[in-house]
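What follows is a single structure, written as structure tokens, with notes after it.
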């Protein structure tokens with residue numbers, strides 16, 4: 010998750026593959042990659058921003074289990090956005106658009122499944 014210089018804003022993307030729902034950008038941890046390395050790579054790929062030299066806060070992971078075969082660990086991170094928040098170079102192969110919103114406003118959006126729980130945990134239940 011990215012925070013702009015205005016504290017407690019989230020970067021929200023509208024997905025193509027998840028029926029047009031909204032959420033923070035997601036990605037998989039590649040083989041021989043840590044979750045932190047993955048988030049640095051994913052942010053660069055999906056926004057054009059290089060956060061590799063910034064302070065990155067590791068947040069508590071979220072464990073989601075839908076059934077015996079489908080379960081996930083969401084590794085969440087937070088960093089201070091540096092540069093122009095409007096300079097995002099979104100990957101339109103994966104997303105329809107993006108916006109910066111306050112967490113409370115994000116909760117009013119049509120979100121990816123379980124995204125609301127992640128937003129609540131990361132911003133309101135600390």
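Residue numbers (my numbering): 10 to 135. Beta carbons are placed, not taken as given, at the ideal position from N, Cα and C, and that holds for glycine.
N-terminal and C-terminal residue of the beta strand (DSSP E) that residue i is part of
{"i": "residue 53", "result": "Residue 53 -> not in any beta strand (DSSP E); alpha helix (DSSP H) instead, spanning 44-56."}
Within 8 angstroms, strictly: CB atoms of residue i and residue j
{"i": "residue 70", "j": "residue 84", "result": "yes"}
{"i": "residue 60", "j": "residue 43", "result": "no"}
{"i": "residue 86", "j": "residue 48", "result": "yes"}
{"i": "residue 45", "j": "residue 131", "result": "no"}
Cβ neighbours of residue i in the same chain (closer than 7 angstroms, five flanking residues each side left out)
{"i": "residue 13", "result": "Caution is warranted here: a pLDDT of 36 is assigned to residue 13, below 50, making its placement in the model unreliable, and the coordinate value is therefore given only provisionally. Excluding residues within five positions, the ones whose Cβ falls inside 7 angstroms are 90, 94, 109."}
{"i": "residue 16", "result": "Bear in mind that a pLDDT of 40 at residue 16, under 50, signals an unreliable position, so the number given afterwards is only what the model happens to contain. Excluding residues within five positions, none has a Cβ falling inside 7 angstroms."}
Nonlocal neighbours in the same chain, by C-beta distance under 6 angstroms from residue i, ignoring five residues either side
{"i": "residue 73", "result": "81, 123"}
{"i": "residue 75", "result": "none"}
Residue(s) in a DSSP beta bridge with residue i
{"i": "residue 74", "result": "80"}
{"i": "residue 66", "result": "87"}
{"i": "residue 101", "result": "Note: residue 101 sits in no beta bridge, so no partner."}
Spatial neighbours of residue i in its chain, beta-carbon cut-off 8 angstroms, leaving aside the 5 residues before and after
{"i": "residue 92", "result": "58"}
Bounding residues of the alpha helix (DSSP H) (the contiguous stretch that carries residue i)
{"i": "residue 112", "result": "112-115"}
{"i": "residue 128", "result": "124-128"}
heavy atom of the ligand SAM below 7 angstroms from residue i C-beta
{"i": "residue 79", "result": "Looking at this structure, you won't find the ligand SAM or any other ligand, since it has none at all."}
Whether or not the region 123-131 and the region 95-110 are in contact is what I'm after, with contact meaning three or more pairs of Cβ atoms, one per stretch, closer than 8 angstroms; do they touch? no
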